[in-house]
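Residue numbers (the numbering used here): 189 to 706.
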């Protein structure tokens, strides 16, 4: 580990509504170090890194870079000072090549600076890829790459601009174990070359494996910085949440019951006519949690959308509680007892400018349970919303707070509270804990299991968190290129590495091995 390259000293950030995102925070990172930044959602991690990357201002404190105080005005300023950031959602142009994406904004030119030099751009990309051991095809289109390869492109984009400090925000959220291992090897290589890496993750096992130090934030304050060698996963979780956390779920026995969902020969074709969901058959029984795993982009998200009515069924049939949902609206499907947690909570699961109360109540506007004549019964509404806020530990100053003021984890709690308390008998949970801290993840997983075991709710769980689908699911299907390639009846006995082989398409089960899963 080298000398200190960055120091953020006594940083305080208070928003206009009085919320203190960072309170007197001091954080440092050394050259040749991978330093984890951990904490619950809303703890202040993202705000602190936005300040470092020039995307947020701050009222107090200072930033020292290589011992000198600096003032970072914006992201370009940060990059110019040697600070780069790879976001959870990649900043890429899918229709362009790898080389075109890597040199975007620093394009080489020829003939007096008038014409883009494609050959030079390709050469620059290849040389950088070789130098940093991030082997990518410079001519490949971004849209044709796997998520793991696209991440390499993002890292290469930062390195080619001469950065020395690399911020990674939830970098393994959608990677398979094999892709994660490859990423970690690349990060260790960069560490050994003297780069400082700030690693933000809710996956504590990965923090323990990769990082040398960890700094924990809670409610905007530093809880401590420690060597990883002084901690175990349980003590780190306790440091983050402030209490003991159950990291291994106990599901209890499942008793076979009637089918709630029956899917037969399901097909969904995209705008180009390509089958994204390709002749699928499966069922989910009352009290059962059926998991679907797959690398992002293999059709599992579309399956969830089809069952919710968010996409039209191209062919086949889906029955919920004995009724075909083909052609039904989202509202009509909800009336059959279906609730859904969308993987994109801001786009599909909430209205960020509306209040916490309005978001929780949004599915009850025509419900007799909350109306008095033609009007909402505000006493009942307020009692119900207050109970949701209490039971799901939603951190807000008031039910009138706009959802946009909440952290990502608390926005997810609003969505989960609404969907878990509406009396449904089928829950479609897409990425329910993505980007969510260990404490909130524990609560969501426990609730899914409790509703299955105690209330006989059928659940479809789609998650890129392999530990989650293996521990929570009663049965597990794996999707690859729109089809099922594996079926596990005892997911908790399957290793993440084996599951990753099926997700990458390296292995396929025969029909006999798949067995009965409808």
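Don't be surprised by glycine CBs; every beta carbon is placed ideally from N, CA and C.
Inset, instruction - Measuring alpha carbon to alpha carbon, tell me which of 262, 477, 322, 287 ends up nearest residue 309. - result: Ranking 262, 477, 322, 287 by Cα distance to residue 309 puts 287 first.
Legend entry - Residue from 292, 239, 638, 199 whose Cα sits closest to the Cα of residue 442: Out of 292, 239, 638, 199, 638 has the C-alpha closest to the C-alpha of residue 442.
Inset, instruction - Assign residue 228 to one of three DSSP states: helix, strand, or coil. - result: Residue 228: coil per DSSP, three-state reduction.
Inset, instruction - Name the residue from 370, 395, 304 whose alpha carbon lies nearest to the alpha carbon of residue 321. - result: A check of alpha carbon separations from residue 321 across 370, 395, 304 identifies 370 as the nearest.
Inset, instruction - Pull up the distance between the alpha-carbon of residue 560 and that of residue 249, whole angstroms please. - result: Roughly 54 Å between the two C-alpha positions.
Inset, instruction - Determine the extent of the alpha helix (DSSP H) in which residue 357 is found, giving its start and end residues. - result: Per DSSP, residue 357 lies in no alpha helix (DSSP H); the unbroken beta strand (DSSP E) holding it starts and ends at 353-357.
Inset, instruction - Run the proximity test for residue 465: is its beta-carbon closer than 7 Å to any non-hydrogen atom belonging to the ligand GDP? - result: By its list of ligands, the structure shown contains no ligand whatsoever, and the ligand GDP lies outside what it can speak to.
Legend entry - Local conformation of residue 673 per DSSP, three classes: Per DSSP, reduced to three states, the secondary structure at residue 673 is strand.
Legend entry - residue 443, DSSP secondary structure in three states: Note: residue 443 maps to coil in three-state DSSP.
Inset, instruction - Could you check how far apart the C-beta atoms of residue 201 and residue 235 are, in whole angstroms? I think they sit under 8 Å. - result: 6 Å between Cβ atoms; contact.
Legend entry - Whole runs of the beta strand (DSSP E) within the stretch 368-417, excluding any shorter than 3 residues: Counting whole runs of 3 or more residues, the stretch 368-417 contains the beta strand (DSSP E) stretches 384-388, 401-406, 409-415.
Inset, instruction - Can you tell me which of 501, 452, 296 puts its alpha carbon nearest to the alpha carbon of residue 461? - result: Of the candidates 501, 452, 296, the one whose C-alpha sits nearest the C-alpha of residue 461 is 501.
Inset, instruction - Return the bridge partner residues of residue 298 from the DSSP annotation. - result: DSSP, once it has assigned bridges, lists 303 as partnering residue 298.
Legend entry - Status (buried if at least 16 other CB within 10 Å, exposed otherwise) for residue 199: With at least 16 other beta carbons inside 10 angstroms of its own, residue 199 counts as buried.
Inset, instruction - Express the C-alpha separation of residue 373 and residue 519 in angstroms, rounding to a whole number. - result: Between the C-alpha atoms of residue 519 and residue 373 there is a straight-line separation of about 48 Å.
Inset, instruction - Look at the Cβ atom of residue 516, then the Cβ atom of residue 497, and state whether they are nearer than 8 Å. - result: Cβ atoms of residue 516 and residue 497: closer than 8 Å.
Inset, instruction - Pull up the CB-CB distance for residue 282 and residue 331, whole angstroms please, since I reckon it's below 8 Å. - result: The C-beta separation of residue 282 from residue 331 comes to about 4 Å, placing the pair in contact by the 8 Å criterion.
Legend entry - Cut-off 7 Å between Cβ atoms - residues of its own chain near residue 680, not counting five sequence neighbours on either side: The residues are 658, 659.
Inset, instruction - Output the distance between the C-alpha atoms of residue 318 and residue 305, rounded to the nearest integer angstrom. - result: So the two alpha carbons sit approximately 20 Å from each other.
Inset, instruction - Write down the C-beta distance between residue 403 and residue 223 rounded to the nearest angstrom, noting that I regard them as a contact closer than 8 Å. - result: Contact holds; Cβ gap of about 7 Å.
Inset, instruction - Starting from residue 642, trace the alpha helix (DSSP H) both ways and give me its first and last residue. - result: From DSSP, the alpha helix (DSSP H) with residue 642 extends over 626-643.
Legend entry - Buried versus exposed call for residue 294 [16 or more other C-beta atoms within 10 Å across all chains shown]: By the neighbour-count definition (other C-beta atoms within 10 Å, threshold 16), residue 294 is an exposed residue.
Legend entry - Run of the beta strand (DSSP E) containing residue 668, from where it starts to where it stops: Its beta strand (DSSP E) spans residues 663-668.
Legend entry - Exposure label - residue 535; buried when at least 16 CB within 10 Å: With fewer than 16 Cβ atoms within 10 Å of its Cβ, residue 535 is classed as exposed.
Legend entry - Contact between the stretch 574-586 and the stretch 483-498 (3+ Cβ pairs under 8 Å): Output reads no: the stretch 483-498 does not touch the stretch 574-586.
Inset, instruction - Given a cut-off of 8 Å, decide if residue 289 and residue 280 are closer than it, judged by their beta-carbon atoms. - result: In this structure, residue 280 lies near residue 289, with their beta-carbon atoms less than 8 Å apart.
Legend entry - Touch test, the stretch 522-534 against the stretch 597-616, Cβ-Cβ under 8 Å, three pairs minimum: Contact between the stretch 522-534 and the stretch 597-616 is present: three or more C-beta pairs spanning the two stretches fall below 8 Å.
Inset, instruction - Compare the Cα-Cα distances from residue 475 to each of 216, 673, 254, 641 and report the closest residue. - result: For the residues 216, 673, 254, 641, the minimum Cα distance to residue 475 belongs to 641.
Inset, instruction - May I ask which residues mark the beginning and end of the alpha helix (DSSP H) holding residue 421? - result: For residue 421, the enclosing alpha helix (DSSP H) starts and ends at 421-429.
Inset, instruction - May I have a chain-ordered list of the beta strand (DSSP E) segments no shorter than 3 residues that lie completely inside the stretch 228-287? - result: Inside the stretch 228-287, DSSP marks whole beta strand (DSSP E) runs of 3 or more residues at positions 248-253, 256-258, 271-274, from first to last along the chain.
Legend entry - Sequence-distant residues of the same chain with beta carbon closer than 8 Å to residue 539, five excluded per side: The residues are 546, 547, 550, 591.
Inset, instruction - Would you check if there are 3 or more beta carbon pairs closer than 8 Å linking the stretch 444-452 to the stretch 504-516? - result: Using a C-beta cut-off of 8 Å, the stretch 444-452 makes contact with the stretch 504-516, since at least three inter-stretch Cβ pairs fall below that distance.
Legend entry - residue 549 - containing alpha helix (DSSP H), residue span: It spans 544-549 - the alpha helix (DSSP H) in which residue 549 sits, taken as one unbroken run.
Inset, instruction - Report all residues from its chain with a CB closer than 7 Å to the CB of residue 486; omit the five preceding and five following residues, and keep chain order. - result: So the qualifying residues of the chain are 667, 668, 669, 670.
Inset, instruction - Keeping to the same chain, check which residues put their C-beta closer than 8 Å to that of residue 565; ignore five residues upstream and five downstream. - result: For residue 565, where only same-chain residues beyond five positions count, the Cβ hits under 8 Å are 558, 559.
Legend entry - DSSP state of residue 541 mapped onto helix, strand, coil: Residue state, collapsed to three classes: coil.
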